[in-house]
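Asks: Protein chains in written order, with our numbering: chain W, 1 to 180; chain R, 1001 to 1180. I'd like to ask some things about the structure below.
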Ligand SMILES: [Zn+2]
Ligand SMILES: [Zn+2]
């Protein structure tokens, strides 16, 4: 649950990231920045901010903002009905993003995760994305990501988003945001 | 057909637009900017420049650059095999884009097209996109677009691109670029 005050503070920080990147939003879009704390109530550690530009039956595009050191928790996009599941390309626009996917674990990861949540991060194949670099995650692949010390802005190009179908490793997580 | 010299000049102009917009490209991407003259050999009037970030079976994302007053000729994306055809969202990042789609013709269009090509522009339902504004074009819809006097940078979020299937109104057009 995010209080209105926390939401407003973070929304303002997000708009500063967008303006640093020269990403123009309409007035209506500025009002509907999403702030997701995944129901964990520790947004600056575990959370994600975004603006969704389009989400039709076939195509979705968003720009994501991560605060310094903020982590989007581990999850995957399973097949849903006739769809093989969501496919996502993350393209770094600003800052550095440390992305972790299934595969050989890195020996010395460049990030740390909260001690009490360590067991909810199970994939440690590390991909480092700097501005202009990108990576595509196919359906049914566990992944999580964390921003470096400057925060990060990341474009996401994907098939349809259906957040309610995402499967998180942490059983405490509720994806759909609740603002009080 | 585009000569190497024309290609290099336009590539440099395109990179300036991207840097004005704070859009970061990798070194490899900077080398593979596409310059499409549609086989008409009048690139600054009728043409389009772009960088393709991703084009899988399901998702495609590009950033387009239009030079001042440059027009992307009228075309549509027909159904292909099992696919209903390409769906495109254009989001203006810089400059102004005048987009024309099927529907009621505007009385006084904000653009003009080359006199000798007038009959190849048949749809005149005008949509004006300024930075942060966007429009979605569903398959099988005729469309064309022109940049204002500052040029334009436009993000395109779409389903898979298969340029060879695009249908242009102008019978003189060849979509696949030829650089000599
Ligand atoms: Zn994901
Ligand atoms: Zn098109």
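Yeah, the Cβ is synthetic: ideal placement off N, Cα and C, and Gly gets one too.
1. By Cβ distance below 8 Å, which residues in the same chain neighbour residue 162 of chain W in space, the five residues on each side in sequence not counted?
2. Whose C-beta lies closer than 8 Å to the C-beta of residue 1015 of chain R among residues of the same chain, with five residues either side of it excluded?
3. Give the residues from the stretch 124-137 of chain W that approach chain R closer than 7 Å (Cβ to any Cβ), ordered along the chain.
4. Any heavy atom of ligand 2 closer than 6 Å to the CB of residue 1031 of chain R?
5. Excluding the 5 residues preceding and the 5 following residue 1066 of chain R in the sequence, name in chain order all residues of the same chain whose CB lies nearer than 6 Å to its CB.
6. Quick one: is the Cβ of residue 1119 of chain R within less than 6 Å of any heavy atom of ligand 2?
7. Is residue 1088 of chain R near ligand 2, with its Cβ less than 6 Å from a heavy atom?
8. What did DSSP end up calling residue 1149 of chain R once you bin it into helix, strand or coil?
9. Kindly give me the distance between the Cβ atoms of residue 98 of chain W and residue 124 of chain W, rounded to whole angstroms, as I take these residues to be in contact under 8 Å.
10. If the cut is a Cβ gap below 8 Å, which residues of chain R does residue 38 of chain W touch?
11. Taking a cut of 9 Å between CB atoms, which residues from the stretch 138-168 of chain W lie near chain C?
12. Using a Cβ-Cβ distance under 7 Å, would residue 1096 of chain R count as near chain W?
13. Determine the closest residue to residue 1040 of chain R out of R/1166, R/1111, R/1012 and R/1073, with distance taken between C-alpha atoms.
14. Given that residue 1024 of chain R touches chain W, what residues does it touch there, using C-beta distances under 7 Å?
15. Could you compute how far the alpha carbon of residue 111 of chain W sits from the alpha carbon of residue 1156 of chain R?
16. Got a sec: which bits of the stretch 54-76 of chain W sit with their beta carbon under 7 Å from any beta carbon on chain R, in order along the chain?
17. Work out the CA separation of residue 115 of chain W and residue 13 of chain W for me, nearest whole Å.
18. Identify the continuous alpha helix (DSSP H) that holds residue 9 of chain W and give its terminal residues.
19. Closer than 7 Å by beta-carbon distance: list the chain W residues that pair up with residue 1087 of chain R, in chain order.
20. Whole angstroms is fine: what's the gap from residue 1106 of chain R's alpha carbon to residue 1126 of chain R's?
21. Residue 1035 of chain R and residue 1007 of chain R - do their beta-carbons sit closer together than 7 Å?
22. Could you check what DSSP says for residue 88 of chain W in three-state terms: helix, strand or coil?
23. Taking just the CA atoms, how far does residue 27 of chain W sit from residue 188 of chain W?
24. Per DSSP, what kind of secondary structure is residue 1165 of chain R in: helix, strand or coil?
25. When burial is assigned at 16 or more other CB atoms within 10 Å of the CB, is residue 1062 of chain R buried or exposed?
26. Could you give the first and the last residue of the continuous beta strand (DSSP E) run that contains residue 1029 of chain R?
27. For residue 174 of chain W and residue 117 of chain W, I'd like the C-alpha separation in whole angstroms.
28. Does the distance from the C-beta atom of residue 1022 of chain R to that of residue 21 of chain W stay below 7 Å?
29. DSSP on residue 63 of chain W, reduced to helix/strand/coil?
30. In whole angstroms, what separates the C-alpha of residue 88 of chain W from that of residue 1091 of chain R?
31. In terms of DSSP beta bridges, what is residue 128 of chain W paired with?
Replies: Taking the definition as stated:
1. Taken in chain order, the residues that qualify are 80 and 86.
2. For residue 1015 of chain R, the CB contacts under 8 Å within the same chain, skipping 5 residues up- and downstream, are 1025, 1030 and 1033 in chain order.
3. Residues passing the 7 Å Cβ filter: 131, 132, 133, 134 and 136.
4. The answer is no for residue 1031 of chain R.
5. So the list reads 1147, 1151 and 1152, once near-sequence residues are dropped.
6. No - ligand 2 has no heavy atom lying nearer than 6 Å to the Cβ of residue 1119 of chain R.
7. Flag set: Cβ of residue 1088 of chain R near ligand 2.
8. Note: residue 1149 of chain R maps to strand in three-state DSSP.
9. Taking a contact as a CB-CB distance under 8 Å, the pair residue 98 of chain W and residue 124 of chain W does not count as one, their CB atoms being some 10 Å apart.
10. In chain order: nothing, as chain R lies at least about 25 Å away.
11. The displayed structure is made up of protein chains W and R, and chain C is not among them.
12. Contact of residue 1096 of chain R with chain W is not assigned, every C-beta pair being separated by 7 Å or more.
13. Of R/1166, R/1111, R/1012 and R/1073, the residue nearest in Cα terms is R/1073.
14. Result: 93, 131 and 132.
15. When rounded, the separation of the alpha-carbon atoms in residue 111 of chain W and residue 1156 of chain R is 33 Å.
16. Cβ contacts with chain R come from 54, 56, 58, 59 and 61.
17. Taking the straight line from one Cα to the other gives about 26 Å.
18. Counting along the chain, residue 9 of chain W sits inside the alpha helix (DSSP H) bounded by residues 4-20.
19. Contact annotation for residue 1087 of chain R against chain W: 56, 58 and 59 [CB-CB distance below 7 Å, chain order].
20. Separation of residue 1106 of chain R and residue 1126 of chain R (C-alpha to C-alpha, rounded to the nearest whole angstrom) is 6 Å.
21. Cβ distance < 7 Å, so residue 1007 of chain R and residue 1035 of chain R count as in contact.
22. Shown here, residue 88 of chain W sits in a strand according to DSSP, grouped into three states.
23. Examination of residue 188 of chain W is not possible in this model, given that chain W is present from 1 through 180 alone.
24. It is helical.
25. Buried: at least 16 other Cβ atoms inside 10 Å.
26. Residue 1029 of chain R -> not in any beta strand (DSSP E); alpha helix (DSSP H) instead, spanning 1027-1031.
27. Residue 174 of chain W and residue 117 of chain W have their C-alpha atoms some 15 Å from each other.
28. Between residue 1022 of chain R and residue 21 of chain W, the CB-CB gap stays under 7 Å.
29. Note: residue 63 of chain W maps to strand in three-state DSSP.
30. Roughly 19 Å separates the two Cα atoms.
31. DSSP lists W/98 as partners of residue 128 of chain W.
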